[in-house]
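Note that our numbering numbers the sequence shown so that position 392 is 742, with each residue one more than the last.
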Amino acid sequence: MPTPSSVAGESVSSAPQALTGTTLLRVTDRSNYVSHVALNHNRMTIGRGDEVDILLESTAVSRQHAELSQDPFGRWWVRDLGSRNGTKLNGSPVTEALVRPGDVVQVGDFRLSLSPPQPRIAQVTSSTTYGVPTQEGEGDLITRLGEYTSPKIDATHLQAITDFGHQLNVTQDEGERLRRLCQLMLGAQFRGGTAAVFRVPRDGSSDPIVRCGPVVAPQWRQPMPPVSRTVLRALCDNPEPILATNYGGVVASNAHVELSTSPDVMAMSVIAIPLKFDESVIDVLYVVFSPEYGHADWLALAALAVKQFQQAESVWLHVGTIREYAAVERELERAQEIQLRLIPMDVRIAGMDLAIGFKPCHWVGGDYADVLKMTDGRVLLTVADVCGKGLSASLVASSLHTMVHAGVRAGKALEPMVAELNQYLMEDLKGESLVTMIFVAIDLQTGSFECINSGHPPGLIIDREGNVREFQSATNPMLGIDEFPLKAQTGVIGRSEWFALFTDGLTELLNSDEKMLNLEGLEKGLRDIFRASPDAPAAEHAAELGRFLDAFQGRRAAADDRTFIIGRLL
351 MPTPSSVAGE SVSSAPQALT GTTLLRVTDR SNYVSHVALN HNRMTIGRGD
401 EVDILLESTA VSRQHAELSQ DPFGRWWVRD LGSRNGTKLN GSPVTEALVR
451 PGDVVQVGDF RLSLSPPQPR IAQVTSSTTY GVPTQEGEGD LITRLGEYTS
501 PKIDATHLQA ITDFGHQLNV TQDEGERLRR LCQLMLGAQF RGGTAAVFRV
551 PRDGSSDPIV RCGPVVAPQW RQPMPPVSRT VLRALCDNPE PILATNYGGV
601 VASNAHVELS TSPDVMAMSV IAIPLKFDES VIDVLYVVFS PEYGHADWLA
651 LAALAVKQFQ QAESVWLHVG TIREYAAVER ELERAQEIQL RLIPMDVRIA
701 GMDLAIGFKP CHWVGGDYAD VLKMTDGRVL LTVADVCGKG LSASLVASSL
751 HTMVHAGVRA GKALEPMVAE LNQYLMEDLK GESLVTMIFV AIDLQTGSFE
801 CINSGHPPGL IIDREGNVRE FQSATNPMLG IDEFPLKAQT GVIGRSEWFA
851 LFTDGLTELL NSDEKMLNLE GLEKGLRDIF RASPDAPAAE HAAELGRFLD
901 AFQGRRAAAD DRTFIIGRLL
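Right, here's the structure in full:
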């Protein structure tokens, strides 16, 4: 049967219990065979071609069918790459969409869904060690759970484990879930004497940490004996459930790790089962039993209970991921509302033909564009880009909007208004918000302009013949860094000339081949647009510019907002 594989990620036949810190893509084919692919890059292509990251071998899948990409907030998006049969999300065709936990992406005969990323276990440090007593054993013969015959488990055992699973599903605190696991081992169905959960460094560099317990059963009148280093070392080498005992006879014939504690001191059996692990540490359930329970049935029962615990941990991790997605989406919705309020999309100024273009990417940045009438009769055009993304960047952009409008209403000249804005960013926002911004004040009667550019891409002026001039650039530093004397540019815009102001979301746009548009590419695109229809309205030119940018971007997802103002004098 065809099975998915990954070029850039590792494909496995079932969900691993090792903590990888990486989101897994669950892949189910039409025969319901399930595999998992690690999404270990923030952009991964899906298809049946040799060059893809996630290979799905089926004629219903295009060579480059779709793409999964991760945004700065850790969310995954799916984009169809112009596939022959299309890409569906929860049964509906999509071109590009956010993939939430529980969503199903259909690519040809395959169903894809996200498994939440597993948290990496914190490193063991000596300051968190609680002095767990340990002893070295002499034996090293190990028999693991898979080597035993089928155990004899009755309905009461299964019911206890089922009830345990229900309890875990309503227990939000991880520490309490661990305590319930230890208590289960001491209950009537398991008959354990003492139970604990240890965190063990796999390289043996320090003693185990107690994560839970030791919990002692009421009928057990002895403290937990020293923990066997041999048992822990065996688990670190191969994290599978194992059994150890110091009791001879029939029970000992199960071939296990030999415990160092003498049976004259305490006859006992030990079950040790990994709960979760990564390359550096392992969490271990360690249970001490009376010797008569040191056999395959009890090891299988404990392993089954641990499997129930692990499933509950996955559920709670899934719940946490959903909550994180919801929190991010709420923040982005608020930020998008702020951002959209800042940009006037329908601008009408007598004597000018203007259009504003704004295409946000999946997340929000701090792009800001505005057109205002100044008290001296000029029209002020401004475009800004706040460093950073998310709600904080849009809040800074909102404050820029407020400051610019307040300065214009107060009748301030351009230079003092920009200087005051810079002071505000330095003092009130404590220099944490850096902004690139271009201001162009235009006299509608004469076409004369004054421009101040603070670290922003230069605006362009293009005549009918395609000749290009640039507004000021690389003269003043970004706003919010330091005080500096501003230098302004003056000049004249002819009535047959078009002008364009924009953010670096245009000049730094990448295509599918990782090639950047750059200022030269944007100049050429604008020159071709204006020369083809020099008298077309600004709205048409804005639409044509959007199509040009989309064509250049191709199948690649946007990494930044695209914001621009284009216009001319009438």
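Just so you know, even glycine gets a beta-carbon here, dropped at the ideal spot from N, CA and C.
Residue i burial status per 10 Å Cβ neighbour count (16 or more: buried)
i	result
P835	exposed
Y636	buried
E777	exposed
D513	exposed
D910	buried
L508	exposed
E847	buried
R814	exposed
K739	buried
N588	exposed
M351	Interpretation of M351 is limited by its pLDDT of 36, a score under 50 that renders its predicted location unreliable; no figure is taken from the coordinates.
H891	buried
S555	exposed
A662	buried
P573	exposed
H645	buried
S698	The sequence as given places Arg at residue 698; Ser does not occur at that position. Classification for R698: exposed.
T445	exposed
N382	exposed
D900	exposed
P766	exposed
Q658	buried
Contact set for residue i: own chain, Cβ-Cβ below 7 angstroms, skip 5 residues either direction
i	result
S500	Low local confidence applies: a pLDDT of 48 at S500 is under 50, so the model's placement there is unreliable, and no value is given.
I843	I792, G797, F799, I811, F849, L919
R561	L528, V547, F548, R549, D633
M724	L730, V758, A791
Q517	R530
V474	Any reading at V474 is ruled out, since the residue's pLDDT is 38, under 50, leaving its predicted position unreliable.
F852	V733, P807, T913, F914
Other residues of its chain near residue i: CB distance less than 6 angstroms, five sequence neighbours each side excluded
i	result
D523	none
R461	T378, V454
M888	According to the sequence as given, residue 888 is Ala; it is not Met. These residues qualify, in order along the chain: D703, L704, A705, I916, G917.
D854	P807
G542	M535, L536, V637, F639
D863	none
R434	S412
L722	L730, V758
R845	L919
A564	Strictly speaking, residue 564 in this sequence is Pro, with Ala absent from that position. Closer than 6 angstroms at the Cβ level, and outside the excluded window around P564, lie T544, A546, M574.
C801	V790, F821, Q822, Q839
R881	G816
G701	L794, L920
For residue i: DSSP bridge partner residues
i	result
A791	L730, E800
K298	Nothing about residue 298 can be read from this structure; the chain reaches only from 351 to 920.
P450	Before going further, note that residue 450 is Arg rather than Pro in the sequence given. For R450, which the question treats as bridged, DSSP gives no partner whatsoever.
K626	D633
G397	L405
P443	K438
V736	G716, V785
E417	T395, R429
M702	L919
T506	DSSP, once it has assigned bridges, lists no residue as partnering T506.
Q456	K438, R461
Neighbourhood of residue i by C-beta distance below 8 angstroms, restricted to the same chain and skipping five residues each side
i	result
V431	According to the sequence shown, residue 431 is Leu rather than Val. Here the set comprises T395, G397, S412, Q414, H415, A416, E417, R905.
F902	L859, N861, L867, G871, G875
L829	V768, L771, N772, L775, L784, V785, T786, M787, S804, G805
W426	T373, L389, L418, S419, Q420, L448, V449, L464
A908	K709, C711, H712, G855, L859
E303	Given that the chain is displayed from residue 351 to residue 920, the structure contains no residue 303 and the question cannot be resolved.
Any chain D beta carbon closer than 9 angstroms to residue i
i	result
M828	Among the chains in the structure shown there is no chain D, since it carries only a single protein chain.
Exercise for review: Write down every uninterrupted run of the beta strand (DSSP E) in the segment 536 to 575 whose length is 3 residues or greater and which is fully enclosed by it, in chain order.
Suggested key: 542 to 551, 559 to 566
Check your understanding: Would you call the segment 424 to 439 and the segment 450 to 462 touching, i.e. three or more CB-CB distances under 8 angstroms?
Key -> yes
Point to revise | Cβ contact check for the segment 411 to 419 and the segment 389 to 403: 3 or more pairs under 8 angstroms | key: yes
Review point. Taking contact to mean at least 3 C-beta pairs separated by less than 8 angstroms, is the segment 740 to 759 in contact with the segment 687 to 699?
Key: yes
Point to revise | Contact between the segment 642 to 653 and the segment 567 to 586 (3+ Cβ pairs under 8 angstroms) | key: no
Review point. Mind pulling the beta strand (DSSP E) runs of 3 or more residues that sit fully within the segment 833 to 875?
Key: 839 to 842, 848 to 852
Check your understanding: Quick check: the segment 621 to 632 against the segment 578 to 597, are there 3 or more CB pairs under 8 angstroms?
Key -> yes
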